[in-house]
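**Student:** Under numbering that gives the first Met the number 0, the sequence shown has 46 at position 47, and the numbering climbs by one with no breaks. Glycine residues also receive a C-beta, built at the ideal position from the N, C-alpha and C atoms.
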Amino acid sequence: MRFPPILSIEKKDFVASLQEAIREKYPILRSEQTQALVLSSQGSVQTTSQLTWRFLDATNNWRVSLAPNFMALETTAYSNRKDFIQHLQNIFELLEENINPKVIERFGLRYIHRLSGENALNISSLVKPEIAGITAADFKEYIRQTVNESLFIIPDGGEEIIARWGLLPEGITFDPDAIEPIEEPSWILDLDMSLSKNREFSVEGLISEAQRFSERIYTFFRWAVQDEFLRRFGGEL
């Protein structure tokens, strides 16, 4: 979630109440200098550094990031939609109580699916032909890297979905902040739905958007994969 800059977020005293509120679930605190893009009045894009607070749970599976202009919740232990949205609602409520952003500029939800080993090398048997693309060709053993990207605009609402998918070699990623490079080839399906629009910060409204975005992303995912994908990895047919 992105909002207009709140400069006080870089001050320890200002974020201390939020840390105390979430410390039971996210007891580990780290700070990082991260890069942010700033659009000048002349229309040029400049890069600036900013302090980002990272709140992690004891297992390092859940992470809350807070910077002067954004908040993000990430997990590598996703179990189901209801559980994730409950975590998200809890963070939004505590953010409202302790930071109190008034306006948001963008809200998005992103799911990243990754397969490695034989599953990645034989991806054409797990996804639809439209997604498999060149990885289903007779010469697929010679393909080292192939990445596709499509942008979809949702009618009426103004939301967009950016879908990226493809085969990555070992040690390579197309998004270092979200997808760590690993030591073997992997196949990625990255689905990111968002709405860029200034609106009032509302926990109820954001949770409604999260629910809707999750359902829409799952619709795309379910279209993209074969039944064998769900059977192999425990999804619902």
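As a quick exercise: from 193, 95, 77 and 68, pick the residue whose alpha carbon is nearest that of residue 61.
**Tutor:** 77
**Student:** Is the beta carbon of residue 192 closer than 7 angstroms to that of residue 163?
**Tutor:** no
**Student:** Report yes if the CB atom of residue 87 is closer than 7 angstroms to the CB atom of residue 72, and no otherwise.
**Tutor:** yes
**Student:** Check whether the segment 210 to 227 touches the segment 159 to 175, counting contact only when three or more Cβ pairs, one atom from each stretch, lie closer than 8 angstroms.
**Tutor:** yes
**Student:** Give the DSSP bridge partners of residue 113, in chain order.
**Tutor:** 187
**Student:** Could you name the residues of the same chain whose beta carbon sits closer than 6 angstroms to that of residue 188, not counting the 5 residues immediately before and after it, in chain order?
**Tutor:** For residue 188, the CB contacts under 6 angstroms within the same chain, skipping 5 residues up- and downstream, are 112 and 164 in chain order.
**Student:** How many angstroms separate the CA atom of residue 138 from the CA atom of residue 145?
**Tutor:** 13 angstroms
**Student:** Under three-state DSSP, which class holds residue 107?
**Tutor:** strand
**Student:** Examine the Cβ distances between the segment 101 to 119 and the segment 7 to 22 and report whether three or more of them are shorter than 8 angstroms.
**Tutor:** no
**Student:** Hey, could you find the ends of the beta strand (DSSP E) residue 161 is sitting in?
**Tutor:** Start and end: 159 to 167.
**Student:** Quick one: Cα of residue 175 to Cα of residue 58, how far?
**Tutor:** 21 angstroms
**Student:** Using 8 angstroms as the Cβ pair cut-off and three pairs as the minimum, do the segment 220 to 232 and the segment 119 to 132 touch?
**Tutor:** yes
**Student:** Let me see if you follow: with CB-CB separation under 7 angstroms, is residue 94 close to chain D or not?
**Tutor:** Of the protein chains in the structure, only one exists, and it is not chain D.
**Student:** Can you check which of these residues, 118, 47, 202 and 70, is closest to residue 228 by C-alpha distance?
**Tutor:** 118
**Student:** Going straight from the alpha carbon of residue 190 to that of residue 148, what length do you get?
**Tutor:** 10 angstroms
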